[in-house]
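Beneath this line is the structure, given in structure tokens, with notes to follow.
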Amino acid sequence: MPELSKSCSPSEPSPSEPRPLGSGPACCACARFCSLAVALAIAALLCASVVSCSGTWATGDRTIEFTRIPPADTGSPDKLEQIEGRVRGARAGERVVLFALSGKWWVQPLLEQPYTTIQKDSTWKSSTHPGVAYAALVVNSQYRPPMTVSSLPEKGGPVLAVATVRGAAPKFPAKTIQFSGYQWEARQNSDTYDPENAWTDNRGFLHLHIVKVKDRWMSAELKLSRSLGYGSYRFVVRDVSQLEPAAVFAIFTWDDFGPSREMDIEISRWGEPQDKNAQYVIQPYVVPANTARFAAPPGPLTYSMVWEPGKVSFTTARGIASNRRSDIVGEHVFTSGVPSAGNERIHLNLWVYGNKRHPLQHECEVVVEKFDFLP
């Protein structure tokens with residue numbers, strides 16, 4: 088995969104990457120006391136959940152409130168939304184640090200600009216890349232935020248208060264597609280993704296397109312409407328060997344509420360014509376042992392992923408459902424760093440990798456004939 092930019096949002100999850108959120112008088116008194124204790128314990132657990140549903144979370148003598156919440160969306164380095172709030176009880180020199188959740192928490196809006204000023208009237212406002220949830224921290228001058236974290240810091244030391252909130256509901260319902268007996272949701276992002284770039288034909292084959300609109304490439308992405316967990320995943324895909332070097336077709340798992348649980352089958356040369364055109368990946372890809380590259384030949388191919396606790400096996404074979412060893416063109420087994428099952432969903436996307444030396448030149452299409460799953 089390409090190196091992530093410092094835009095504080097995954098270049099793609101494909102993009103894609105990281106989730107938020109229960110018989111005498113003495114005996115009767117004891118029962119009432121126990122019921123009250125249980126209720127208080129449940130309330131305490133709810134208040135300690137990762138994501139607050141109300142948008143307000145008081146910590147110590149400071150209270151953070153969100154007054155403008157961006158829509159929930161998959162992370163995108165090309166899109167910014169406004170986010171606003173107020174801090175009650177803040178002191179001079181304290182600031183807000185924002186994070187957006189997309190597989191993991193990304194500092195916002197930029198690694199080089201991580202601090203948001205608290206105004207004299209206690210309000211704050213900034214911009215953020217999209218996420219499924221958002222977080223605001225009140226910090227003192229000693230806090231140095233990282234680009235990403237798998238979990239938010241707790242109150243203590245330079246972190247003076249923490250609040251989280253789910254992203255607002257999208258203005259328009261997601262477009263859904265029926266493919267191979269499953270319901271899929273199309274990604275909607277007016278800057279880089281168009282839900283109309285994904286559809287099925289009269290044979291039931293799925294088409295994903297990259298289309299140029301004015302001066303911008305518009306990509307396509309679908310995600311399964313539910314998580315399937317451990318099991319055998321298989322995709323029959325038409326010839327992808329002729330994709331331009333800057334085009335990326337990916338089959339991957341992604342958990343919006345983190346950890347990302349990302350595992351990938353990626354067809355791309357990442358803009359380098361001489362490179363092999365395919366790879367299997369478990370994240371983080373920067374670990375050398377987490378990537379296995381191979382060459383996807385011309386013709387229809389069947390891509391398989393068998394996911395078990397602590398193990399994932401990838402196979403690519405010529406044709407449709409071939410069991411002959413001679414038809415296998417790529418295979419790899421990972422037994423280290425394999426994510427456990429959670430809330431991940433399978434995604435399919437076709438998008439553009441921004442290689443300046445070899446940019447995309449033409450519109451392109453990938454056709455997926457079939458998907459099946461066995462638990």
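The number in the numbering used here is simply the position in the sequence shown, starting from 1, with 87 added.
We treat Cβ as the ideally placed atom computed from N, Cα and C, and that holds for glycine.
Model, not experiment: these values are computed from the prediction.
Contact between the segment 196 to 212 and the segment 346 to 359 is not established, with fewer than three Cβ pairs separated by less than 8 angstroms.
Counting along the chain, the unbroken beta strand (DSSP E) around M350 starts and ends at 350 to 354. Spatial neighbours of F458 in its own chain (CB-CB distance under 6 angstroms, excluding positions within 5 residues in sequence) are listed in chain order as S267, F322.
The DSSP-derived three-state label of A223 is strand. Restricting attention to H419, E331, T210, S409, the CA atom closest to the CA of R444 is found in E331. DSSP places L239 in no beta strand (DSSP E); its state is neither H nor E. A contact is defined here as three or more CB-CB pairs under 8 angstroms, and the segment 180 to 194 meets this definition with respect to the segment 207 to 225. In the assembly as shown, G172 is a buried residue. Its beta-carbon has 16 or more other beta-carbons within 10 Å. According to the DSSP assignment, R444 belongs to no beta strand (DSSP E), since it is labelled neither H nor E.
For the options T161, H216, G243, the alpha carbon positioned closest to that of Q229 is the one of G243. Boundaries of the beta strand (DSSP E) harbouring A273: 269 to 273, taken from the DSSP string. For Q169, the uninterrupted beta strand (DSSP E) segment begins and ends at 168 to 175.
The beta-carbon separation of K299 and E450, rounded to 6 angstroms, stays under the 8 angstroms limit for a contact.
Between the C-alpha atoms of N430 and R348 there is a straight-line separation of about 9 angstroms.
Shown here for S328: same chain residues with a beta carbon closer than 7 angstroms to its own, the five before and five after excluded, namely N364, A383, P384, P385 in chain order. Straight through space, the alpha carbons of N284 and R303 are spaced by roughly 14 angstroms. One thing to note: K191 has its Cβ no nearer than 9 angstroms to the Cβ of S163.
Annotated three-state conformation of R411 is coil, per DSSP.
In this structure I415 touches A404 by the C-beta definition: roughly 5 angstroms separates them, less than 8 angstroms. Between A334 and the set T251, T402, W193, V439, the nearest pair of CA atoms involves V439. Looking from the CA of E452, the closest CA among I297, S314, A428 belongs to I297.
Here DSSP, grouped into helix, strand and coil, assigns E331 to coil.
Counting along the chain, S214 sits inside the beta strand (DSSP E) bounded by residues 210 to 215. Closest option to F292, judged by alpha-carbon separation, among P462, V455, N410: V455. In the DSSP assignment, R231 forms no beta bridge with any residue.
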